[in-house]
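Residues in the sequence shown are numbered consecutively from 314, following this note's numbering.
Written below as structure tokens is the structure these notes are about.
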Amino acid sequence: MATYPLRLERKSYNGRDPKKLRKVAERNRITAELEEHINSEIEKRGGGVFSYAEIARATGYDLEVVRNICYPVACGSNGFIVAEPSSKTE
């Protein structure tokens, strides 16, 4: 089970190939957008089940792109569960 705030893995590339640099930068940009979307949904809903298809529809990205980026969160085949965020006043 994932916890709030959700952090998605960023990729790195230390080479000099401009094409590969652009590809990694684009993937990291998408990752940041997905992370922001998911965290804002967690704030609104208070945790719960997040399906890759739901995230793809909401963000406009292809389902496979969303699955490839979000799969490491909890290794779920169709999505993942996020624990209810703890109170900030504790």
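We put the beta carbon where it would ideally sit given N, CA and C, even for glycine.
Spatial distance of residue i from residue j (CA atoms)
i      : j      : result
Ser364 : Thr316 : 15 Å
His350 : Asn391 : 18 Å
Ala366 : Tyr326 : 28 Å
Arg358 : Pro318 : 13 Å
Asp330 : Glu322 : 22 Å
Arg342 : Lys324 : 10 Å
CB contact flag (residue i, residue j, <8 Å)
i      : j      : result
Cys388 : Ile368 : no
Val395 : Gly360 : yes
Arg261 : Glu348 : Shown here, the chain extends from 314 to 403; a query on residue 261 therefore has no answer.
Cross-strand partners of residue i (DSSP beta bridge)
i      : result
Val395 : Ala315 and Gly361
DSSP-derived helix/strand/coil call for residue i
i      : result
Thr402 : Here the model assigns Thr402 a pLDDT of 43, short of 50, so the residue's position is not dependable, and the following value carries that caveat. Note: Thr402 maps to coil in three-state DSSP.
Lys333 : helix
Is it a yes or a no for the segment 346 to 364 touching the segment 326 to 336, going by three-plus beta-carbon pairs under 8 Å?
Three or more beta-carbon pairs separated by less than 8 Å are not found between the segment 346 to 364 and the segment 326 to 336, which leaves the two stretches without contact.
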